[in-house]
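J.:
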Amino acid sequence: MKPTLKGIAASDGIAIAKVYTLTEPDLRFEKRAVNDTSLEVSRLDDAIAASAKEIELIRQTALTNLGEEEAKVFDAHLMVANDPELIGQVKETIESQKVNAESALKDVTDMFINLFASMEDNPYMQERAADIRDVAERVLANLLGVKVPSPATIDQEVIIVAKDLTPSDTAQLNRKYVKAFVTDIGGRTSHSAIMARSLEIPAIVGTKDVTSLAKDGDIIIIDGLSGDVFINPSQEVIGEYEAKAQAFAAQQAEWNKLKDAETFSKDGKQVELAANIGTPKDLESVINNGAEGIGLYRTEFLYMDSHEFPTEEDQFEAYKAVLEGMDGKAVVVRTMDIGGDKELPYLPLPHEMNPFLGYRAIRISLSEPEMFRTQLRALLRASVYGKLRIMFPMIATLNDFRGAKALLEEEKAKLIAEEIPVSDDIEVGIMIEIPAAAVLAHQFAKEVDFFSIGTNDLIQYTMAADRMNERVSYLYQPYNPSILTLIKHVIDSAHKEGKWAGMCGEMAGDQMAVPLLLGLGLDEFSMSASSVLKTRSLISKLDSKEMEKLADKAINECTTVEEVMALVTQVTENL
């Protein structure tokens, strides 16, 4: 049986379960005159009770998965659902105008939403407008008998089907029930793909139209190894994939034997395999997968999971937890990387034609020094609890780096003057993701302690191709000789100055790229924790000297990405 669809294999594994669609509900209705207003009031009461039950379940899930601050949003939603004045006005409208509950609910809630949203000088009241809108949509959905998708309410094994998944969607996923997901859009470096690897569940993205073909309750198979999707497959195909899933589990068990091993190539060259994380909750997966450090701690999730700037104390506790949890292993913390596709409701950013090329990351930090100093103080205070490395993102010029480091040094001096302990062994480096910095790596290497190559952005900037744009996704080419040449220059520049070079982009865990990166001399590979063990297994089978020849040939003799892939396959197919 041919697959129903083919997409991009974004996270390894095989899953078979029922479909749970995560799509916007159709909330259209007609205004109707009614005679039996008591029936409409009763319908409204039932819809409000059902909505309150759903909100409470979501609140409990948010409390468990995200913490108290995030759960407060749903406290506000419960207050709206139980507001006697609001509900009273809806009932009064039903009775006085003799209209259906849907129409009365919409008229009354729209009035409140418009009133509160217009209070531009009162952010608190504007937030209430958003709360009322969310609750009104949920109650309306219950009146209409349609589902408001909410991952937090899932209580059986499912595979999520969606156009895409937002950070708040993925934050609600419970791995006990959500066995995998498949989306219409996205690529291997999209947020949803990265989150799938962090959650260690199979995922396929970029199928284009899975949401139009799969409906709730359908049986679906997703093969996160090949990108194949089967909707309502035959029993024979289900049996075949159950066997494949068992074989993959057996392979994982073999990899797991390497959990406590260091990472050496076949001829004895040692490299470091680290993991990328977003929150302290990711530590369990890092440790369970035998990572030798953390090569990227994305601190922006601290900002995205809050309704205001996180305090110095909040940040200090988060950084301290990770440093202590890694028990002396190195932790590379990237300073705030907001902007591009990551926005904060409490930090209004200008509308930009090209936000990925605009006001983001270190550019915001340097122009909002008080916010940046708060983060730097928290990092410095936490530094005594482990082996801290600080990394600045989106560095384009040496002045960017010097400006950021100067603020770091100022805050360090202040803390020392206040007799607050600070480690005297903090490495300070930069993320190489802008081609200008990669080209000038030989100058940067004189001033930084390390490089970490962020290939997700470096590739899209070098190829002038938005990695989220499906029409140009073919140009997102990690193995293109031009990309490999840039990476080689960065690594060689670091080594010439006695510094180390790592990589924290998704390319670091890409099994096609690993032989090339080993040959280019990469010192540290940082990836989703779920990729660590299979990468350790692969490296143990590779001869570093042979991989040097492979990388040299890829850069100097290959002219296309297809030629490079054929070359790597030829060398590694019999491992």
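Mind the numbering: the sequence shown is residues 1 to 575 in UniProt numbering, read in order. Beta carbons are placed, not taken as given, at the ideal position from N, Cα and C, and that holds for glycine.
What's the call for Val-532, buried or exposed, on a 16-neighbour Cβ count within 10 Å?
T.: As a first step, residue 532 must be located in the sequence shown, where it is residue number 532. Buried: at least 16 other Cβ atoms inside 10 Å.
J.: Quick one, which of Asp-449, Val-135, Ser-226 has its alpha-carbon nearest Val-148's?
T.: Along the sequence shown, read from residue 1 onward, the residue named residue 148 stands at position 148. The shortest C-alpha separation from Val-148 is found at Val-135.
J.: Out of Val-571, Val-490, Ala-494, Leu-486, which one is the CA nearest neighbour of Met-512?
T.: Taking the first residue of the sequence shown as position 1, residue 512 is located at position 512. The option with the nearest alpha carbon to Met-512 is Val-571.
J.: If you pair each beta-carbon of the segment 357-364 with each one of the segment 373-383, do three or more pairs fall below 8 Å?
T.: No, the segment 357-364 does not touch the segment 373-383.
J.: Compute the distance between the beta-carbons of Ile-432 and Leu-458, then report whether it is under 9 Å.
T.: Translated into positions along the sequence shown, residue 432 becomes position 432. Translated into positions along the sequence shown, residue 458 becomes position 458. Their beta carbons are under 9 Å apart, which means Ile-432 touches Leu-458 by this criterion.
J.: With burial defined as no fewer than 16 other Cβ atoms inside 10 Å of the residue's Cβ, what is the status of Gly-224: buried or exposed?
T.: For the purposes of this step, residue 224 is taken as the residue at position 224 of the sequence shown. It is buried - the Cβ of Gly-224 has at least 16 other Cβ atoms within 10 Å.
J.: Among Val-99, Ala-71, Lys-106, Phe-74, whose alpha-carbon lies nearest the alpha-carbon of Leu-86?
T.: Here residue 86 refers to the residue found at position 86 of the sequence shown. Of the listed residues, the one whose Cα sits closest to Leu-86 is Lys-106.
J.: For the alpha helix (DSSP H) that Asp-327 lies in, which residues bound it at each end?
T.: Against the sequence shown, residue 327 aligns to sequence position 327. That residue, Asp-327, is in no alpha helix (DSSP H); it is neither H nor E in DSSP.
J.: If you draw a straight line from the C-alpha of Gln-97 to the C-alpha of Ala-33, how long is it?
T.: Start at 1 with the first residue of the sequence shown, and residue 97 comes out as number 97. Start at 1 with the first residue of the sequence shown, and residue 33 comes out as number 33. The alpha-carbon atoms of Gln-97 and Ala-33 are separated by roughly 8 Å.
J.: Answer with yes or no whether the minimum CB distance from Met-527 to chain B is below 9 Å.
T.: This model lacks chain B altogether; it includes just one protein chain.
J.: Roughly how many angstroms separate the alpha carbons of Arg-138 and Ser-198, rounded to a whole number?
T.: Sequence index remark: in the sequence shown, residue 138 carries index 138 (1-based). Sequence index remark: in the sequence shown, residue 198 carries index 198 (1-based). Roughly 30 Å separates the two Cα atoms.
J.: Straight-line CA distance for Glu-548 to Leu-484?
T.: Start at 1 with the first residue of the sequence shown, and residue 548 comes out as number 548. Start at 1 with the first residue of the sequence shown, and residue 484 comes out as number 484. One C-alpha to the other measures close to 12 Å.
J.: Alpha carbon to alpha carbon, how far is Leu-567 from Ser-226?
T.: Mapped onto the sequence shown, residue 567 falls at position 567. Mapped onto the sequence shown, residue 226 falls at position 226. So the two alpha carbons sit approximately 21 Å from each other.
J.: Please state if the CB of Ala-361 and the CB of Met-336 are separated by a distance shorter than 9 Å.
T.: Locating residue 336 in the sequence shown gives position 336, counting from the first residue. Locating residue 361 in the sequence shown gives position 361, counting from the first residue. Yes, these two residues count as a Cβ contact at 9 Å.
J.: Count the other C-beta atoms from every protein chain shown that fall within 10 angstroms of the C-beta of Glu-573, then say buried if there are 16 or more, exposed otherwise.
T.: Here residue 573 refers to the residue found at position 573 of the sequence shown. So Glu-573 ends up on the exposed side.
J.: DSSP state of Ile-48, grouped into three classes?
T.: Numbered from its first residue, the sequence shown carries residue 48 at position 48. Helix.
J.: With a threshold of 8 Å (Cβ to nearest heavy atom), would Glu-157 be considered close to the ligand SAH?
T.: In the structure on display, the ligand SAH does not appear, and there are no ligands present to speak of.
J.: Could you compute how far the alpha carbon of Phe-264 sits from the alpha carbon of Lys-545?
T.: In the sequence shown, the residue the question calls residue 264 occupies position 264. In the sequence shown, the residue the question calls residue 545 occupies position 545. Looking at the two C-alpha atoms, the distance is approximately 13 Å.
J.: Determine the extent of the beta strand (DSSP E) in which Tyr-161 is found, giving its start and end residues.
T.: For the purposes of this step, residue 161 is identified with residue 161 of the sequence shown, where counting begins at 1. At residue 161 the sequence reads Val, which differs from the Tyr that was named. Segment 158-162, the beta strand (DSSP E) holding Val-161.
J.: Under 8 Å Cβ to Cβ from Met-1, same chain only, skipping five residues before and after it: list those, please.
T.: Here residue 1 corresponds to residue number 1 of the sequence shown, with the count starting at 1. Only Phe-230, Pro-233, Ser-234, Glu-236, Val-237 meet the Cβ criterion.
J.: Please report how far the alpha carbon of Ala-81 lies from the alpha carbon of Glu-419, in whole angstroms.
T.: As a first step, residue 81 is located in the sequence shown; it is residue number 81 there, counting from the start. As a first step, residue 419 is located in the sequence shown; it is residue number 419 there, counting from the start. Cα to Cα, Ala-81 sits roughly 50 Å from Glu-419.
J.: How do the segment 248-256 and the segment 19-34 stand: do at least 3 beta-carbon pairs fall below 8 Å, yes or no?
T.: No, the segment 248-256 does not touch the segment 19-34.
J.: Quick check on DSSP: helix, strand or coil for Gln-270?
T.: Stepping through the sequence shown from its first residue, residue 270 is reached at position 270. Looking at Gln-270 - three-state DSSP - the assignment turns out to be strand.
J.: Quick one: give me the first and last residue of the beta strand (DSSP E) that Lys-18 is part of.
T.: Here residue 18 refers to the residue found at position 18 of the sequence shown. Looking at the DSSP string, the run of the beta strand (DSSP E) that includes Lys-18 is 14-22.
J.: Hey, which unbroken runs of the alpha helix (DSSP H) at 4 residues or more fall wholly within the segment 459-511?
T.: Runs of the alpha helix (DSSP H) inside the segment 459-511: 481-496.
J.: Out of Glu-54, Glu-312, Asp-228, Arg-298, which has the shortest C-alpha to C-alpha gap to Ile-204?
T.: On the sequence shown, residue 204 is found 204 positions in, with the first residue counted as 1. Comparing Cα-Cα distances from Ile-204 to each of Glu-54, Glu-312, Asp-228, Arg-298, the minimum goes to Asp-228.
J.: Closest to Cys-558 by CA distance: which of Leu-522, Ser-482, Asp-425 is it?
T.: Along the sequence shown, one-based indexing puts residue 558 at 558. The shortest Cα separation from Cys-558 among Leu-522, Ser-482, Asp-425 belongs to Ser-482.
J.: In the DSSP assignment, find the beta strand (DSSP E) that holds Ser-226 and state where it starts and stops.
T.: Here residue 226 refers to the residue found at position 226 of the sequence shown. Unbroken run through Ser-226: none, as it is neither H nor E.
J.: Between Glu-127, Ser-526, Asp-184, Arg-43, which lies nearest to Pro-345 when the distance is taken from Cα to Cα?
T.: Here the question's residue 345 lines up with position 345 in the sequence shown. When only C-alpha atoms are compared, the closest one is Glu-127.
J.: Between which two residues does the alpha helix (DSSP H) holding Phe-116 run?
T.: Against the sequence shown, residue 116 aligns to sequence position 116. Unbroken alpha helix (DSSP H) run through Phe-116: 101-117.
J.: Suppose contacts are defined by Cβ-Cβ distances below 9 Å. Is residue 577 in contact with Val-146 by that definition?
T.: Residue 577 cannot be examined here, being either before or after the span of the chain that is shown, 1 to 575.
J.: Going by DSSP, what residues sit across from Lys-545 in a beta bridge?
T.: Within the sequence shown, numbered from 1, the residue matching residue 545 stands at position 545. Note: Lys-545 sits in no beta bridge, so no partner.
J.: Excluding the 5 residues preceding and the 5 following Lys-488 in the sequence, name in chain order all residues of the same chain whose CB lies nearer than 6 Å to its CB.
T.: Numbered from 1 along the sequence shown, position 488 holds the residue referred to as residue 488. Same-chain partners within the cutoff: Leu-520.
J.: If we count Cβ pairs, one from each stretch, closer than 8 Å, do we get three or more for the segment 297-310 versus the segment 323-330?
T.: In short, these stretches do not touch, since the Cβ pair count stays below three.
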